[in-house]
Amino acid sequence: MPESPVTLSSGLPETVLPPPSPEAGARLEAALAEPPERRRDAVAAVVATFPAYLDAWARLGELARDDVEAYACYRVGYHRGLDALRQAGWRGSGYVRWAREPNRGFLRSVEGLRQSAAAIGEAGEEERCSQFLRQLDPDWRGLPA
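The numbers in numbering that gives the first Met the number 0 rise by one with no breaks, and the one at position 135 of the sequence shown is 134.
So this is what it looks like as structure tokens:
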């Protein structure tokens with residue numbers, strides 16, 4: 000009998016999430032262009048209209064009023080991202096790379112969750128997110144400046 004490698008997962012070697020609808024992308028871009036005093040509310044309106052839009056959740060986390068609100072927004076983006084990855088064929092292993100534009104909202108949410116977990120003293124969550132990011136994208140060096 001020929002030898003074959005052991006595969007513990009039937010998942011894809013790399014998963015790329017589907018892009019957001021053009022309308023969602025345009026609405027988020029417009030919301031992010033609002034003056035600072037209106038930006039958070041504008042992004043929140045995008046999230047309310049497109050609750051599965053991962054980058055909108057991540058951007059709302061960036062605009063949060065405090066660390067707890069940021070943590071909550073990023074956690075929603077993270078969990079919705081896991082759902083989206085599973086729908087795209089991901090089975091718990093395989094790459095989800097930053098180089099693929101549609102993956103960025105999810106990765107931004109995981110990184111934001113890592114940072115906000117650190118800010119509220121949730122060291123275990125911070126470490127899990129850090130490890131998960133390196134597993135998803137071995138080239139991960141944090142969000143670009």
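Just so you know, even glycine gets a beta-carbon here, dropped at the ideal spot from N, CA and C.
Point to revise | Cβ pair R107, L142 closer than 8 angstroms | key: Between R107 and L142, the C-beta spacing is below 8 angstroms.
Practice item. For the segment 58 to 125, list the alpha helix (DSSP H) runs that are entirely contained and at least 4 residues long, ordered along the chain. Key: Runs found: 66 to 86 and 103 to 118.
Check your understanding: Name the DSSP bridge partner or partners of G22?
Key -> Looking at the sequence shown, residue 22 is not Gly but Glu. In the DSSP output, where bridge partners are listed per residue, E22 has none listed.
Check your understanding: What is the rounded straight-line gap between the Cα of R39 and the Cα of E33?
Key -> Whole-angstrom Cα-Cα distance: 9 angstroms.
Practice item. Just grab the DSSP bridge partners of E13 for me. Key: Looking at the DSSP assignment, E13 forms a beta bridge with Y94.
Review point. Which term fits T48, buried or exposed, when burial requires 16 or more other beta carbons within 10 angstroms of its beta carbon?
Key: Residue environment analysis places T48 among the exposed positions, since fewer than 16 neighbouring C-beta atoms fall within 10 angstroms of its C-beta.
Check your understanding: Assuming V46 and L31 make a contact with CB atoms under 8 angstroms, what is their CB distance in whole Å?
Key -> Cβ-Cβ separation between V46 and L31: approximately 12 angstroms, too far for a contact (criterion under 8 angstroms).
Review point. Which one of A23, R113, Y70 and D138 has the shortest CA to CA distance from E126?
Key: Comparing Cα-Cα distances from E126 to each of A23, R113, Y70 and D138, the minimum goes to R113.
Review point. Looking at C-alpha atoms only, which residue of E61, A116, D65 and V109 is the closest neighbour of R79?
Key: It is V109.
**Study point:** Proximity of I119 and Y52 at Cβ, strictly below 8 angstroms
**Key:** By the CB criterion at 8 angstroms, I119 and Y52 fall outside the cutoff.
**Study point:** the segment 85 to 96 / the segment 52 to 67 touching (three or more Cβ pairs under 8 angstroms)
**Key:** With a cut-off of 8 angstroms, the segment 52 to 67 and the segment 85 to 96 do not count as touching, because too few Cβ pairs lie within range.
Exercise for review: Using only alpha-carbon positions, find the residue among A87, G88 and G24 that is nearest to R58.
Suggested key: Per the Cα distances, G24.
Check your understanding: Under the rule that 16 or more other beta-carbon atoms within 10 Å means buried, what is R37, buried or exposed?
Key -> So R37 counts as exposed.
**Study point:** Within 8 angstroms, strictly: CB atoms of G88 and T14
**Key:** It is a contact, given that the beta carbons lie within the stated cut-off.
Review point. By Cβ distance, which residues of its chain are closer than 6 angstroms to S115, with the 5 residues on each side in sequence left out?
Key: The beta carbon of S115 sits closer than 6 angstroms to the beta carbons of D66, A69, Y70 and Y73 from its chain, once the five residues preceding and following it are set aside; these are given in chain order.
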